[in-house]
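Q:
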Amino acid sequence: MSERSGTLRAVQIKNNVGTGKPVVAVALGLFPVVAIASCSSTASRHSESVPSASASPAPPLTDAQLRQRLITKDSLPAEFDLLDFSDVAPSDGPDPSPSPASSPGPVDAIPCSDVRGPVFLGDMPAPAGQATIGVHGHTGRGWFGNEWLASYPGDGAKQILDDLRSVVKRCPSYSDDALAGMGFDSLRLNISLTSGPKLGDESLRLQIREPSKAPGIAVETDSIYIRDGHTLMLLDEQATIGTTAQPSPLTQVATIAFAKLT
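Position in the sequence shown counted from 1, then plus 746, gives you this note's numbering.
(1) What is the DSSP secondary structure of residue 844, counted as helix, strand or coil?
(2) To the nearest angstrom, how far is it from the Cα of residue 768 to the Cα of residue 984?
(3) Which residue's Cα is closest to the Cα of residue 1046: 971, 876, 857 and 939?
(4) Would you check if the distance between the CB atom of residue 941 and the CB atom of residue 951 is smaller than 8 Å?
(5) How is residue 824 classed by DSSP in three states: helix, strand or coil?
(6) Using beta-carbon positions only, say whether residue 895 and residue 808 come within less than 8 Å of one another.
(7) Report yes if the C-beta distance between residue 867 and residue 980 is below 8 Å; otherwise report no.
(8) Measuring only the C-alpha atoms, how far is residue 816 from residue 877?
(9) How many angstroms separate the CA atom of residue 946 from the CA atom of residue 920?
(10) Give me whichever residues DSSP pairs with residue 974 in a beta bridge.
(11) Just mark residue 982 as buried or exposed, buried being the case when its beta carbon has 16 or more other beta carbons within 10 Å.
(12) Alpha carbon to alpha carbon, how far is residue 966 from residue 749? Give it in angstroms, no decimals.
(13) Measure the C-alpha to C-alpha separation of residue 893 and residue 862 and round it to an integer number of angstroms.
Written as structure tokens, this is what we have:
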């Protein structure tokens, strides 16, 4: 798998409502901004796909076109702020976080641990255009996320969602030692895929639940995928931890972001 280190914009969305400190598992601070990577053999799996008769006749969007469609301050409710990292030097900004090493190959070879949104896209063929926004802030006990836009030739975007369905079907749960030592057991992650908001040509919601050592406490993280023709939008939230479900603006932000995309 190859890693692209593009000059992608990272924008922070901060909700000023509430004074509670965000409680974040998996990673603290900025959510890494990752260029969508590609694997040679996975690329070959998709490169031979032929656009279907129902595919949009328009070509894939470019990096510049997608950057113009990223969520903006004026498209958000007043309680949200944006922090733009596009002018921050690489040494001062968020560090890239490459997808975990895996052997390139067919979809059946994608590790269950790669099901997380940005990591999963990193296992897919490189898009014709891409743009990324780091989204993080806090409302209530904490909420962090990212918006990712990627546009693919042919049926590439549709095929990626089909591949996601295949991986989740194969991996309804799996054990992971990655977070051992951070207050978690050898994790058993429970994964589910349901319909997302009724937007675009198709929409999926990926849910990952990670029980922790503490009784009654579980880490939760969701992702929303929306496909609009050649373009795939991912709203991916960073995991938060709590004894009860916390209100999440994920669907709200995804709806606003999709309106900006289209």
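Idealized CB from N, CA, C, for every residue including glycine.
Please read all numbers here as calculations on a predicted model, not as lab measurements.
A: Looking at the atomic coordinates:
(1) Start at 1 with the first residue of the sequence shown, and residue 844 comes out as number 98. Its pLDDT being 34, under 50, residue 844 is placed unreliably by the model, and nothing is read from it.
(2) Translated into the one-based positions of the sequence shown, residue 768 becomes position 22. Translated into the one-based positions of the sequence shown, residue 984 becomes position 238. In this prediction, residue 768 has a pLDDT of 38, which is less than 50 and means its spatial position is unreliable; what the coordinates show is noted afterwards. Cα to Cα, the separation comes out at about 11 Å.
(3) Because residue 1046 is not part of the residues shown, which for the chain are 747 to 1008, the question remains open.
(4) As a working mapping, residue 941 is identified with position 195 in the sequence shown. As a working mapping, residue 951 is identified with position 205 in the sequence shown. Yes, they are a contact pair.
(5) Residue numbering aside, residue 824 sits at position 78 when the sequence shown is read from its first letter. It is coil, neither helix nor strand.
(6) Translated into positions along the sequence shown, residue 895 becomes position 149. Translated into positions along the sequence shown, residue 808 becomes position 62. No.
(7) Locating residue 867 in the sequence shown gives position 121, counting from the first residue. Locating residue 980 in the sequence shown gives position 234, counting from the first residue. Yes, the Cβ-Cβ distance between residue 867 and residue 980 is below 8 Å.
(8) For the purposes of this step, residue 816 is taken as residue 70 along the sequence shown, with counting starting at 1. For the purposes of this step, residue 877 is taken as residue 131 along the sequence shown, with counting starting at 1. Using only the alpha carbons, I get a separation of about 8 Å.
(9) As a working mapping, residue 946 is identified with position 200 in the sequence shown. As a working mapping, residue 920 is identified with position 174 in the sequence shown. The straight-line gap from Cα to Cα measures roughly 31 Å.
(10) For this step, residue 974 is matched to residue 228 along the sequence shown. Per DSSP, 977.
(11) By 1-based counting over the sequence shown, the position of residue 982 is 236. It is buried - the Cβ of residue 982 has at least 16 other Cβ atoms within 10 Å.
(12) To locate residue 749, count along the sequence shown from 1; it is residue 3. To locate residue 966, count along the sequence shown from 1; it is residue 220. In this prediction, residue 749 scores a pLDDT of 39, lower than 50, which makes its location untrustworthy; no coordinate-derived value is stated.
(13) In the sequence shown, the residue the question calls residue 893 occupies position 147. In the sequence shown, the residue the question calls residue 862 occupies position 116. If I take the Cα positions, the gap works out to 14 Å.
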